[in-house]
Amino acid sequence: MPADLTPRLEDNVRTIGERLGWGESFDVLVRRIELAGRGAALIFIDGFVKEDILTLILKTFSALQRQDLALDPLQALSRRWLPFIETSTVTEVDAAIHQVLAGPLILLLDGVAEALVIDARQYPTRGMAEPELERVIRGSRDGFVETIVFNTALIRRRLRDPGLRVKLFNVGRRSRTDVALLYINDIASPHMVRLLCERIEAVDVDGLPMGEKSLEEFLVGRSSWWNPFPVVRYTERPDVAAVHLLEGHLAVVVDTSPSIALLPITIFHHMQHAADYREDPMVGAYMRWVRGLGIGLSWLGPPLWVALTMLEPGNGVLPPWLGPREPGPIALPLQFIMAELGLDLVRLALIHTPAALGTALGLIGAVILGQIAIEVGLFAPETILYTAVAAIGTFATPSVEFAMAVRLTRVALLILVAAVGWPGLAGGAAVLGVILARMRSFGVPYLWPLWPLDPRSLLSILVRTPAPHARLRPRFLLPGDPDRMRRRADPPAEEPPVPWEDGQDRASPPSGQQGS
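Throughout, the numbering used here is defined as the position within the sequence shown, counted from one, plus 836.
Right under this line is the structure:
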């Protein structure tokens, strides 16, 4: 049973101080003061409290007289003397400790079996910047940061809807990580909201060291642990999050993470980019087609080419200009597998390389080593070419998780082709199709609207729909309000004529209105 605070100030300070490591941890501070003739103590974590607000609080306390706090002192402080700060009271020791560790400071007063929580916190944070992975030529340049309050504020700035709900959870017995669930209550499916709330509350772990990714693994269930395809989409752009919330999706924001999770999603959500909606509809559609072509070539291009080269030569299936002209001493499937591993090694090295040296390392790894491998006869030129095309196609998607899944399945298909040839590619592609068809993202078919087929929705994915015609929300989300627009009144039967369309000059008034 949780212990309650007592009216004795020294007992409360000693109990809370021992639990927080006061005297052992240099950043746990206990400041004893005299407040209106009573003994009092402020307990807080150094670095979490704004110094100017703390100075203002102490100045306010020093001016108080005994009669100012004669009746219900904590309520008097909260309502009369500290109206400019968010305050609350707690009666349990554990609750007081959790508040201190979350950032606010607590005030303990002698003779009062409660603690006043004063929210004067400020978290160390970085400034907002454009996300590195989702850059656009036109559009907002702000992005999420590592502070949950800032991230929810960025979304509320774009959605001034009273129906936007932000439910807060504390996950982790030790970390007490703040997790927020965002949705629009009259659009999002109540069943989906209830399901996700239950799963978040059911998480039983000491902490979330990896933030949103650790939480995702608790939410998706065991069936997705060994499946590389992501069932949630991450974004660092507030406008992308706002668009998905308006469609009926849910957003999960984890404190200390600059990425938020959007769910439920389909495979086609990983192929969309904010830039599609910052251009004209035809340009946006073209960009989608190019992106889809790049992902398709990255996924199946190398395995298909290797399988074709393993057929009997001279059968006319593979045009001569597609090669290989000089296969080299190593079998082509093994060449591709080695090239894929080498490319991933370069990627890992670039991640851990300082920015000033990253360009040089990329040039050495991608160009010089590839050229040397061709000149010494280790690799065929086509191996380097098609591996490079596949690598470029991988970067066409803004989803890092989906790009990694494409790379892993491409390597798996190459291994199958190397083992049994053309049947390996056919069998591997069939198994891959079955896996994708059976996948669910929180109950939603992963291949929707391709499977089950929904022609109208599939057309809206293949072609970027103009905003005035994007009237209905996605049906797979079961939105409470499926219509995004009010029904417009019919236009007048006859538009009034425009003067200059009848040959009159724009600058002169119509005839009959000339001055005398």
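For each residue, glycine too, the CB sits at the ideal point set by N, CA and C.
Predicted model, so just to flag it, every value in this text is computed and none were measured.
With a 10 Å radius around the Cβ and a threshold of 16 neighbouring Cβ atoms, residue 1245 comes out buried. Beta-bridge annotation (DSSP): residue 951 is paired with 926, 944. Residue 1260 and residue 1070 have their C-alpha atoms spaced approximately 33 Å apart.
Nearest Cα to residue 1285 within the set 1082, 1048, 1105: 1105.
In this structure, DSSP gives residue 883 a state outside helix and strand, which the three-state scheme calls coil. Residue range 1013–1020 is occupied by the beta strand (DSSP E) that includes residue 1019. In the pairwise beta carbon analysis, the segment 1030–1041 is classified as not touching the segment 1206–1222: fewer than three pairs are separated by under 8 Å.
Under the DSSP assignment, residue 1271 falls in the alpha helix (DSSP H) whose first and last residues are 1258–1274. The residue among 1243, 1166, 1225, 1233 with its C-alpha nearest the C-alpha of residue 1210 is 1166. Annotation: residue 1156 to residue 1162 spans about 12 Å, alpha carbon to alpha carbon. Residue 1109 sits close to residue 1234, with the two beta carbons spaced by under 8 Å. Each of 924, 903, 902, 1053 was checked against the Cα of residue 910, and the nearest Cα belongs to 924.
Between residue 1013 and residue 986, the gap from beta carbon to beta carbon reaches 8 Å or more. Counting along the chain, no alpha helix (DSSP H) covers residue 1087; the unbroken beta strand (DSSP E) around it starts and ends at 1086–1090. Bridge pairing for residue 877: 868, 944 [DSSP]. For residue 987, there is no enclosing beta strand (DSSP E); the residue is part of the alpha helix (DSSP H) that begins and ends at 984–994. Contact annotation, residue 981 with residue 951: C-beta distance approximately 30 Å; criterion of less than 8 Å not satisfied. Burial state of residue 1043 is exposed, judged by a 10 Å Cβ sphere holding fewer than 16 other Cβ atoms. Non-local beta-carbon contacts of residue 1315 in its own chain, meaning distances under 6 Å to residues more than five positions away in sequence, involve 1023, 1084, 1309 in chain order. In the structure shown, residue 916 adopts helical secondary structure according to DSSP, grouped into three states. In the structure shown, residue 1005 adopts extended strand secondary structure according to DSSP, grouped into three states. When rounded, the separation of the alpha-carbon atoms in residue 936 and residue 1294 is 51 Å. Taken atom to atom, the span from the alpha-carbon of residue 1313 to that of residue 1029 is near 11 Å. Taking 4 residues as the minimum length, the alpha helix (DSSP H) runs contained wholly in the segment 1171–1246 are 1191–1199, 1205–1211, 1217–1230, in order along the chain. Contact between the segment 1130–1147 and the segment 1236–1253 is established, with three or more Cβ pairs separated by less than 8 Å.
Per DSSP, the unbroken alpha helix (DSSP H) holding residue 1292 starts and ends at 1291–1298. If you draw a straight line from the Cα of residue 940 to the Cα of residue 882, it comes to about 11 Å. Under DSSP, residue 850 forms no beta bridge with any residue. Judged by DSSP in its simplified three-state form, residue 938 adopts helix.
At a Cβ-Cβ threshold of 8 Å, residue 1018 and residue 1000 count as neighbours. Just measuring C-alpha positions, the residue of 1184, 1232, 919 sitting nearest residue 1125 is 1232. In the displayed model, residue 1061 falls within coil according to three-state DSSP, outside both helix and strand.
Pairing residue 1197 with residue 1185, the inter-Cα distance amounts to about 8 Å. A Cβ-Cβ separation of about 11 Å leaves residue 1098 out of contact with residue 1278 under the 8 Å criterion. CA-to-CA, the gap between residue 1208 and residue 969 works out to about 31 Å. When the beta-carbon positions are compared, residue 877 and residue 944 come within less than 8 Å of each other.
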